[in-house]
Amino acid sequence: MRKVFVLMLVGLLFVLCGVAAAFAAPTREETVIIGTTGDPSTIDPHATNAMWSNNITINLFDPLVRKVFDQAGKFSLVPSLATKWEQEDDITWIITLREGVQFHNGDPFTADDVVFSIQQYKDSTTGGAGFVQPIASALALDTFKVQIKTHAPYAILVLDMADIYISSKKYFEKVGEEGVNKHPIGTGPYKFVEWIKEDHITMDANEDYWGPKPKIKRAIMRPLKNDATRVAALLSGEVDLIYNVPVRDIDRVSGGANTEVKAIPGPDVMHINIDVTRQQTPGYKHGKNPFLDRRVREAFAIAIDRDSIIKNVYGGHAYPTGQLPIPGAYGYVEDIKPYPYNPEKARQLLKEAGYPDGFEFVWDVPQQRYFNDGPCSQAIAGFLAKVGIKAVLNMIPSNQYLSYINPGDKTTAFYGASGTGKGDIGYWYNRMFYTRDKKEGAGGSNRTHYSNPEVDKLLDEADSTADVNVRKAKLEEVTRILYQDYAIIPIYQYEEPYGMVKGLDFTPRVDAFIFDVQTMQKK
Amino acid sequence: MLFYILKRFLQMVVVIAIVGTIVFIFVNMLGDPAVLLLPPEASPEELAKARAVMGLDKSSWEQYKIFVVNVLHGNLGNSFVFREPAMRLIFERMPATLEIVVLAMFLAAVIAIPLGVYVGAHPNTFISRSILSLSLLCVSMPTFWFGIVLILIFSVQLGWLPSSGRGDVVILWGMRFSFMTWDGIRHLVLPAITLAVQQLATQLRLTRAGMMEVLRQDYIKFAKAKGVSPHNVLYGHALKNALIPVVTVYGLEFGGLIVFATITETIFAWPGMGKLLIDSINISDRPVIIAYLMLASMLFVVINFIVDILYTVIDPRIDLR
Amino acid sequence: MITTVRMTKLAGILHSEGFYNFRHNPFAIAGALIILLFLLTALFGPRLVTQNPYDLAQLDLNDSYKPPIWQEGSDPRFVLGTDDQGRDMVSAMVYGVRMSVAIGFCVTIICMTVGTTLGLISGYKGGRLDSFIMGLVNVQLSFPSLLIAMLVLIAFGRGVWKIILALSFSGWVTYARTVRGTTMAEKNKEYVEAAKVIGFSESTVLFRHILPNVMTPVIVIATLQVGTVILSEATLSFLGIGIPITEPSLGLLVAQGYVVLFSGLWWVSVFPGLVLMFLVVGMNLLGDFLRDEFNPRLK
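Chains as they are written, first to last, in my numbering: chain A, 720 to 1242; chain B, 138 to 458; chain C, 40 to 338.
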């Protein structure tokens, strides 16, 4: 009798434990499961600028300044770990930090952590350094004050501060790089729970968060690289939210009983770059470079039916554009429209320029590097062929593409994508359109040797002012020049379609930190 | 005999060394990993730093020497993408590949051998001819296309079976297996069948050919004349000898199937070694590519070695010279 | 005089036992007919179809993904539907067949030539040369041909000639091994002794006397290999490391179709695969017949 009683007691204890555990663990309604397209290679916040690492960083850590996005993809800046930022002089900024913030392990957040984090970014060899490139030094003036000096007057330091996330110096000193990658400790709205590689990453809400308490109690990121699996997981309810619904499945997902599609303009613009400066160009063997003539470039630009490409290759899920910056970014010009589609005029222009039968040139295109790049470049070649410009497609495997076009000695025209995730096009203009080898750090991606002293001057001016409005005006001027010069042929701006279950309140971000779980809730 | 084994063993070592060198040379002709792994905004200084970390700034000869030393220590380098030992990455995915390969071989053998025996013994019946025709179709069919057709029928149209991924896994001895759960089995079915089909057809035809050859031998005629029952003739005398070439091919097929599974893994997004290889090729993750090729080569060479030895043991007609 | 000799040879074949068996074997005839059909398609097809689907100027993007003629939404110009660039499936497949047949024959001929030559030399000379060549053969035989082809393509990139190279790399070994074996058996026969005594040079002995007697297994291997090569090219193209997408390939068409499978756009994958299967079935039917015919142990 005694034995039975003891057994029952033990049994009851187990049951109670189980019940308690069940109550403690977040329910399915309090959990959001997100289907991504890949597992991060590292979850060290300073190591890299890869999307899926960034998506863990934004939840476990806080930046100095936060970007808040609205439904239309435009953003505003609010204080986060930095509460005030003032300019002392052209290259010196004083940042006041938030007091009373704690890391997940209880350690207090101080200026030392900011200085440490910036140094970590600088030391990264895998892409993190790009985040702090304009910063020359960071100094802790006080427990909650940091002085940042930039290399040159830099009007948009605030935009960069939105991408600088702060980790714990003490923790790193205790566990080292491997420890951080195994179990990151931040100040963010979510705490790290576990990472089973290629399967899932779990994060739980930080109940002691200094900001508004996150409404979702648990977030699980699951890498589902295969498009069909990812869509199927959403449709079956296995996941609540997925990135990048393939064009062909958008109708299926938006028509689903419990699912819908939310699409917003993405940060990348697909464009074609052509050699507009050199007398001889490698892709054209019959004499002078035809693209030197502005009429030829115009013909090229208006021969392409952007609407048809968007409809047939991208199922309608892209936006035609005439410039590299996206709406809302500094440098975007509101009244520039995409080049019109006019094949008759194109043929006319070619005849005037001396090419009545058109001409042939080699076009370097990547294969499977950008979304649907193969079909898109073929479609474009088709349109060009109809006005007489025969583009011989030189298909380069994705993994060799950048190495091939970077040196700039083989390329007449190439096809690429650029992102304005940061919110300012200056960096890209410097890399792509500044005369090559003239200024250090500029022209590095100028693979078609574009050279215009007017543009160089404007970019220099934009970079030497600490006044944001002056900078914006200069950049917009450059955009206008490039447009009239047909220096670059933008085709379309990506659309990012997200699939989600009905009832999930989710606002996508237009940068590389898309899944900001603290902004989500389930209704 | 011992001498023969020793000779083959040495040959094996030489082969592995040669393959390793060839693989190293070939893979170094791939794209520049630094450019691929860093974001497109990376400055030339960052690229140089990254290359230094990956050891790419040294001369090819230097890199080769380091490579050889590492291999001898059993270290095949860290993946550029995952920052983990390449070997570990491959071993983590091996159970997944093994699952579909073993299942496929099992299915193939279980169906092909009995059918092959029947068809070989009774080659002129209508059933035999039909089976033979069907097997011809299976051998002529592109595997990847067959997988796609299966997906079309069973996933898209009927919705009975999942079209990709692996089901729920159970962790056994530190490795993840999916055949022990119902969901796992559902995910295993289509990939295993796809992989098995060509195997099945080939083995069936081999068994049939072997049977037909053996049944014409004199000793069979003698056994029949002696009055041994047809059943015993078939299974007691003929089958054993007919199976010798089948069995040896079977062993060699195992290695080949692991590589062939790359296709199946790609179609069904099955997280095995083959898919890792294709992904690594696309992103120029050189250490993983080299590790895969080395491990695969070693596997084949070792299997060949074992099969050769077994063959000499089983078949007394083989001359060791 | 020569005409008579030739006629006699032809008559000899037509009246041989082999041809009799061929005429009475429906499978073999079917195989030969299929192969003939595909050869004709490869040679004359492009002239007969409505468009050159690989000339981008002839395509209209707005024709993309039209279904086959018996489904709703189809266009009577495109009987079996179109792919993502608006290519007519029938035309694309005809060009694809041409590519497959061309690659299949090229690779087989290269392998046959190289392999047979090496096998002859190896078997006849013996000694160190033989050990070396056979060592090479054994090493290569331990590796699946797909892996070897992948390795070559990884290093050298895409392109039609590179694929031919890659597939030839792994295909020559079977010939070498078989021919070597037969050569070793033949070289001790009387007619070889006789030729040597008469004073013919070694290469003449090899190629004029021994070669015709080792050709039989070579022909069988060749017929069966064409089908394998065609499937290998399709597989490599499907994986994305074979033919570039601007060139025709049945494997590439299947790969294209795979991406859109779930949207119900089935025809881009299914038809090219069927064509491939049909082509290889033809080769295998004939190859099987030849193999059984020439296998002395089945008599």
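From the three backbone atoms N, C-alpha and C, an ideal C-beta is built for every residue, glycine too. Quick caveat: nothing in here was measured; it's all calculated off a predicted structure.
If you ignore the 5 residues before and after ASN64 (chain C), its C-beta comes within less than 7 Å of the C-beta of PHE328, all in its own chain and listed in chain order. For ILE193 (chain C), the uninterrupted alpha helix (DSSP H) segment begins and ends at 184-195. A direct Cα-to-Cα measurement between GLU926 (chain A) and TYR909 (chain A) gives close to 8 Å. Taking the Cα positions, ASP809 (chain A) is about 20 Å away from VAL784 (chain A). Residue environment for VAL151 (chain B): exposed (fewer than 16 other C-beta atoms within 10 angstroms of its C-beta).
Beyond the five residues adjoining it in sequence on each side, PHE314 (chain B) comes within less than 7 Å, by CB distance, of PRO232, GLU236, VAL306, VAL307 in the same chain, given in chain order.
Spanning the alpha carbons of PRO311 (chain C) and TYR59 (chain C) requires a straight line of approximately 35 Å.
Proximity of chain B to ASN945 (chain A) at the Cβ level (cut-off 7 Å) is accounted for by SER301, GLY302, ALA406, in chain order. Proximity of LEU186 (chain C) to chain B, defined by a Cβ-Cβ separation below 7 Å, is satisfied.
For LEU430 (chain B), the C-beta contacts it makes with chain C under 8 Å involve LEU186, LEU190, in order along the chain.
Taking 7 Å as the threshold, the shortest C-beta distance from ALA1181 (chain A) to chain B does not fall below it. ASN177 (chain C) and LEU263 (chain C) have their C-alpha atoms some 21 Å from each other. The Cβ-Cβ distance between PHE437 (chain B) and LEU190 (chain C) does not fall below 7 Å. Under the DSSP definition of a beta bridge, ASP987 (chain A) partners with A:GLY1138. Looking at the backbone, the Cα of ALA1231 (chain A) and that of ASP987 (chain A) are separated by about 11 Å. In terms of CA proximity to LEU98 (chain C), A:ALA1098 leads the group A:TYR1169, A:ASN1031, A:ALA1098. If you draw a straight line from the Cα of TYR1060 (chain A) to the Cα of THR1040 (chain A), it comes to about 12 Å. Chain A places a beta carbon closer than 7 Å to that of PHE301 (chain C), counting this residue as a contact. Under a criterion of Cβ atoms nearer than 9 Å, no residue of chain C is adjacent to ALA848 (chain A); the nearest Cβ is some 31 Å distant.
Neighbourhood of ASN441 (chain B) in chain C, by CB distance below 9 Å: ASN177, LEU180, SER181, in chain order.
With a minimum length of 3 residues, the unbroken runs of beta strand (DSSP E) contained wholly in the region 1090-1125 of chain A fall at 1108-1116. Legend: CB atoms of the region 1091-1121 of chain A lying less than 7 Å from CB atoms of chain C belong to residues GLY1093, PRO1094, GLN1097, ALA1098, ALA1100, GLY1101, ALA1104, LYS1105, LEU1112, MET1114, PRO1116. Secondary structure of THR750 (chain A) (DSSP, three-state): strand. Within its own chain, the residues whose Cβ lies closer than 6 Å to the Cβ of SER856 (chain A), once the five positions on either side in sequence are excluded, are LYS868, listed in chain order. VAL1220 (chain A) and ILE753 (chain A) have their C-alpha atoms spaced approximately 11 Å apart. Taking the Cβ atoms as the reference, TYR1217 (chain A) lies roughly 5 Å from LYS981 (chain A), within the contact range of under 8 Å.
Taking a cut-off of 8 Å on C-beta distances, the region 1188-1196 of chain A does not touch the region 1105-1115 of chain A, as fewer than three cross pairs fall below it. The C-beta of SER760 (chain A) comes closer than 7 Å to at least one C-beta of chain B.
ASN992 (chain A) is bridged by DSSP to A:PHE1133, A:ILE1207.
For PHE1152 (chain A), the enclosing alpha helix (DSSP H) starts and ends at 1145-1152. Annotation: the continuous alpha helix (DSSP H) that includes TRP211 (chain C) extends over 199-225. Excluding its 5 nearest sequence neighbours in each direction, SER1183 (chain A) has C-beta neighbours in its own chain below 6 Å: PRO872, listed in chain order.
Neighbours of GLN90 (chain C) in chain A, taken as residues whose beta carbon is under 7 Å from its own, are absent, since the nearest beta carbon is some 12 Å off. ASP94 (chain C) and PHE1102 (chain A) have their alpha carbons spaced roughly 12 Å apart.
Straight across, the Cα-Cα distance linking GLY974 (chain A) with PHE144 (chain C) is about 50 Å. Put simply, the CB of ARG967 (chain A) is near chain C, with a gap under 7 Å to one of its CB atoms.
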